[in-house]
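Take 2 as the starting number for the sequence shown in the numbering used here and just add one per residue.
All residues carry an ideal CB built from backbone N, CA and C; glycine is no exception.
Down below is the structure, laid out as structure tokens.
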Amino acid sequence: MNADQLLDLAPVIPVVVLDDAGTAVPLARALVAGGLPVIEVTLRTSAALPAIERIVAEVPDAIVGAGTVVRPRDAERAAAAGSKFLVSPGCTATLREAMTGTGLPFLPGVSSASEAIALLEHDVTAMKFFPAEAAGGLPYLKSLGGPLPQIRFCPTGGITADTAARYLRLPNVGCVGGTWLTPADAVRAQAWDRVEALAKDAAALKAP
Numbered sequence: 002m003n004a005d006q007l008l009d010l011a012p013v014i015p016v017v018v019l020d021d022a023g024t025a026v027p028l029a030r031a032l033v034a035g036g037l038p039v040i041e042v043t044l045r046t047s048a049a050l051p052a053i054e055r056i057v058a059e060v061p062d063a064i065v066g067a068g069t070v071v072r073p074r075d076a077e078r079a080a081a082a083g084s085k086f087l088v089s090p091g092c093t094a095t096l097r098e099a100m101t102g103t104g105l106p107f108l109p110g111v112s113s114a115s116e117a118i119a120l121l122e123h124d125v126t127a128m129k130f131f132p133a134e135a136a137g138g139l140p141y142l143k144s145l146g147g148p149l150p151q152i153r154f155c156p157t158g159g160i161t162a163d164t165a166a167r168y169l170r171l172p173n174v175g176c177v178g179g180t181w182l183t184p185a186d187a188v189r190a191q192a193w194d195r196v197e198a199l200a201k202d203a204a205a206l207k208a209p
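Below, the structure is given as structure tokens:
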């Protein structure tokens, strides 16, 4: 699997923040049951890497990756934990080299045409557009499609269940990322049926 293929696996990538690795497996199972097998676990908490390890070991149908990769060692540790892909909120030359070095597909974050072109110079054509809403949203992404038709994006940041479908209609958007699929109160209450229902609604937005 390469990064371009990653964008085609599901219409929505759940962006998951976990404080307790013990919730990782039932959460991942609920998302997969709802039709969203690609899961981004952000490296914002100490539970993230153990959570990735548990999902890899116990939910074989999940394609779990690490998000919020901001340092070379984040990429290395995520790969060692069994991540299948990497996602960064932004990208420097050093970070790009580190992510490339893991051999994993990755979605480097961009918020401007210049950043996208800098990655295109290294044959990177699949990127994360972040923070999507704050960086210009739908009009900005639509504008990028003219001069940069070879690039496809996973916009993330401020996208909701109500706006996701509009993003997915853009030809240069492969999928979107969002946190609305795993509400904090649902995770705390272990309301996995609710998570699965949200996943089913998101999976129906657009055929993979």
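Query	Result
Nearest to Ala-162 by CA position, among Pro-15, Gln-6, Gly-104, is which residue?	Pro-15
The alpha helix (DSSP H) with Leu-33 in it runs from where to where?	At residue 33 the sequence reads Val, which differs from the Leu that was named. Where Val-33 is concerned, the enclosing alpha helix (DSSP H) stretches over 25-34.
When burial is assigned at 16 or more other CB atoms within 10 Å of the CB, is Pro-106 buried or exposed?	buried
Going residue by residue through the stretch 138-191, where are the continuous alpha helix (DSSP H) segments of at least 4 residues, counting only ones entirely within it?	138-146, 165-169, 185-189
Quick check on Glu-98: does DSSP put it in helix, strand or coil?	helix
Could you please give me the residues that DSSP links to Phe-130 through a beta bridge?	Val-111, Pro-156
Opposite Leu-93 in the DSSP bridges: which residues?	Before going further, note that residue 93 is Thr rather than Leu in the sequence given. DSSP lists no partner for Thr-93.
From the DSSP output, in three-state form, read off Leu-87 for me.	strand
Three-state secondary structure (DSSP) at Glu-41?	strand
With distance defined between alpha-carbon atoms, name the residue in Pro-140, Ala-114, Asn-3 nearest to Lys-85.	Asn-3
Assign Leu-199 to one of three DSSP states: helix, strand, or coil.	helix
Helix, strand or coil for Ala-135? Go by DSSP, reduced to three states.	coil
Let's test the definition: count the other Cβ atoms within 10 Å of the Cβ of Ile-118 and tell me whether it reaches 16, buried, or not, exposed.	exposed
Take the Cβ of Leu-49 as the centre, count every other Cβ of all protein chains shown within 10 Å, and call the residue buried at 16 or more, exposed below.	Leu is not the amino acid found at residue 49; the sequence shown has Ala there. That one is buried.
Enumerate in chain order the residues of its own chain whose CB-to-CB distance from Pro-73 is below 7 Å, with the five nearest sequence positions on each side excluded.	Thr-95, Leu-96, Ala-99
Let's test the definition: count the other Cβ atoms within 10 Å of the Cβ of Gly-178 and tell me whether it reaches 16, buried, or not, exposed.	buried
Cutting at 8 Å between CB atoms, please list the residues of its own chain near Gly-146, excluding the five before and the five after it.	Leu-171, Pro-172, Asn-173
Give every residue of the same chain whose Cβ lies closer than 8 Å to the Cβ of Lys-129, excluding the five residues on either side of it in the sequence, and list them in chain order.	Val-88, Ser-89, Pro-90, Leu-108, Pro-109, Gly-110, Val-111, Phe-154, Cys-155, Pro-156, Thr-157, Gly-178
The beta strand (DSSP E) spanning Pro-15 covers which residue range?	13-17
Exposed or buried, what is Ala-63 when buried is set at 16 or more other beta-carbons lying within 10 Å of its beta-carbon?	buried
Please find out if some non-hydrogen atom of the ligand GDP comes closer than 7 Å to the beta-carbon of Pro-106.	Inclusion of the ligand GDP in the displayed structure is not the case, the ligand content being empty and no account of it being possible.
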